[in-house]
Ligand code: C5P
């Protein structure tokens, strides 16, 4: 059995999670959404009233943090200390703060080691910001997925329209700010691994992108 690991990185709203889930489905692999883990950690900190400025408190809380990703009826369920927070982690409050908590080294190292454990047996499609560079530097297929900021904001807008009255312009600003924080941070910033394939999906359909990745994987595994 030649199962491999697939790393998908890129900025917010590039379509990573949709594609990663699809690719995992086609290959019967496990999908790991690492953004959901940073979101879950952020949700928990906000719930406990711990500011991202208070690094000592964050690190203490991280020690007791229990995050689980479990396959559910509508895709992946996210549990924090056994509580289902799948919906809550997509809130605007979490959006606004997640990139701040994601800068904290001790929080990252804890989540990175969890992610590495999940990929030990191979057959994983993992999406995030630092998968190809830091979490799975030996992944057999690495993709760096981008799209124009307008297209990315529009995709998120369509996703969120039902649950909030955020405007397209606001979303564009929100995404641009997260990109900036993710690219400029000291530890594991968002960047393309040297051996990653760059895919600009602005004018590609979901199926085209998924097919591309699946055929790369099949040619190797
Ligand atoms: O992928 P998603 O947009 O849900 O990720 C939310 C945030 O989590 C990102 O903006 C980034 O700050 C952080 N993140 C990260 N490293 C990852 C995945 C997500 O720092 N591997």
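Residue numbers (full-length UniProt numbering): 9 to 229.
All C-beta atoms in this analysis are idealised placements derived from N, C-alpha and C, irrespective of residue type, glycine included.
Quick caveat: nothing in here was measured; it's all calculated off a predicted structure.
Cβ pair residue i, residue j closer than 8 Å
i, j, result
"residue 111", "residue 193", "yes"
"residue 107", "residue 73", "no"
"residue 185", "residue 157", "no"
"residue 37", "residue 131", "yes"
"residue 196", "residue 154", "no"
"residue 26", "residue 134", "no"
"residue 15", "residue 147", "yes"
"residue 225", "residue 12", "yes"
CA-to-CA distance, residue j to residue i, given in whole angstroms
i, j, result
"residue 187", "residue 100", "16 Å"
"residue 208", "residue 55", "37 Å"
"residue 59", "residue 50", "10 Å"
"residue 163", "residue 21", "7 Å"
"residue 40", "residue 149", "15 Å"
"residue 62", "residue 121", "23 Å"
"residue 214", "residue 23", "8 Å"
"residue 94", "residue 86", "5 Å"
"residue 88", "residue 75", "5 Å"
"residue 29", "residue 44", "13 Å"
Burial state of residue i (16 or more Cβ within 10 Å)
i, result
"residue 129", "exposed"
"residue 97", "buried"
"residue 140", "buried"
"residue 169", "exposed"
"residue 166", "exposed"
"residue 198", "buried"
Contact test: residue i Cβ vs ligand 3 heavy atom, cutoff 7 Å
i, result
"residue 42", "With respect to ligand 3, the structure shown offers nothing to examine, as its ligands consist of ligand 1."
Candidates the options: closest to residue i by CA position
i, options, result
"residue 237", "11, 10, 79, 17", "In the structure as shown, the chain begins at 9 and stops at 229. Residue 237 is therefore absent and cannot be evaluated."
"residue 178", "167, 161, 171, 166", "161"
"residue 201", "221, 152, 212, 31", "152"
One or two residues paired with residue i in a DSSP bridge
i, result
"residue 136", "17"
"residue 80", "83"
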